[in-house]
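Numbering (the working numbering), first residue to last: 3 to 317.
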């Protein structure tokens with residue numbers, strides 16, 4: 003079996019073991035390639051793995067032997083599912099590998115923002131505490147999370163994990179989800195209501211036609227002036243100019259973002275210079291343990307397909 007693993011530089015900084023693939027056939031590893039380069043690399047492949055590279059009809063036409071497309075991710079909006087289905091190509095993703103890492107990052111962002119820990123640590127590093135006249139100083143506002151209302155928009159595995167952490171630190175958790183679960187221990191709210199009631203609103207929904215631009219001028223207008231938005235889901239659920247305007251005009255208190263509509267960040271991204279925003283570069287999923295779990299699970303998807311019992315199938 004000929005296997006091509008593309009986008010390897012997005013998965014490993016030399017710290018990930020890919021030997022599970024080597025055991026299954028002749029493997030070629032490559033970094034991010036232009037569409038023509040990827041077509042040439044995968045021209046005779048039986049199986050192709052990508053992270054964010056586009057798999058469309060033109061690529062599939064250049065790869066006549068392709069039987070399997072694996073995604074090194076949970077999301078698969080970069081794969082033309084209809085074109086794969088028409089050619090009888092199985093597509094598999096990797097769900098649930100990043101649950102704990104993403105939930106951890108939600109609170110890394112939120113606690114940094116609310117505690118101004120980055121600012122205070124930088125201040126100490128500059129020697130400000132050595133020069134202070136009192137034992138403590140407070141040039142930056144901090145916020146206590148205990149007792150605040152924490153909204154979870156999307157109640158899949160990550161949403162559930164985030165809700166449990168918020169609950170554990172004493173926040174009042176409310177949930178909005180497309181399919182209300184029977185076992186949810188938290189109050190379920192409609193979309194507009196969760197925008198209006200949340201002190202912190204964290205998004206854990208996929209990017210679909212229904213969620214694209216979900217955070218927009220109208221929904222932002224429903225929020226409290228001291229509310230904070232956290233987005234570790236997909237950048238496209240946010241109307242970025244609308245969010246930047248709300249932040250700059252003080253209509254909400256802040257935003258903690260790990261994802262943007264265009265990645266890497268564009269030079270003219272309206273959130274780059276926005277007030278009260280904390281942005282990290284789509285890194286919630288990057289702990290080494292998390293990436294190794296992803297690669298191993300992707301290899302297992304191919305192993306199961308070869309054995310005739312495919313798992314995690316999208317198509």
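Here a beta-carbon is modelled for each residue, glycine too, at the ideal position from N, C-alpha and C.
Identified DSSP bridge partners for residue i
| i | result |
| --- | --- |
| residue 94 | 72, 315 |
| residue 7 | 31, 51 |
| residue 240 | 217 |
As assigned by DSSP and simplified to three states, the class of residue i
| i | result |
| --- | --- |
| residue 34 | coil |
| residue 218 | coil |
| residue 18 | coil |
| residue 13 | coil |
| residue 190 | strand |
| residue 288 | coil |
| residue 212 | coil |
| residue 79 | coil |
| residue 198 | helix |
| residue 296 | helix |
| residue 25 | coil |
| residue 310 | coil |
Residue nearest to residue i in terms of C-alpha spacing, selected from the options
| i | options | result |
| --- | --- | --- |
| residue 12 | 74, 269, 58, 46 | 74 |
| residue 7 | 291, 28, 80 | 28 |
| residue 30 | 44, 77, 14 | 44 |
| residue 260 | 90, 301, 239 | 239 |
| residue 100 | 269, 277, 234 | 234 |
| residue 153 | 112, 181, 175 | 175 |
| residue 102 | 162, 127, 149 | 162 |
| residue 106 | 165, 211, 193, 195 | 165 |
| residue 277 | 289, 258, 97 | 258 |
Run of the beta strand (DSSP E) containing residue i, from where it starts to where it stops
| i | result |
| --- | --- |
| residue 231 | 230 to 233 |
| residue 280 | 279 to 281 |
Opening and closing residue of the alpha helix (DSSP H) in which residue i lies
| i | result |
| --- | --- |
| residue 86 | 83 to 88 |
| residue 204 | Premise fails: residue 204 lies in the beta strand (DSSP E), 202 to 205, not in any alpha helix (DSSP H). |
| residue 62 | 59 to 63 |
Which residue spans inside the segment 245 to 273 form an unbroken beta strand (DSSP E) run of at least 3? Correct list: 256 to 259.
Whole alpha helix (DSSP H) elements within the segment 98 to 184, 4-residue minimum: For secondary structure counted as the alpha helix (DSSP H) over 4 or more consecutive residues, the segment 98 to 184 holds these complete runs in sequence order: 101 to 117, 119 to 127, 130 to 133, 159 to 170.
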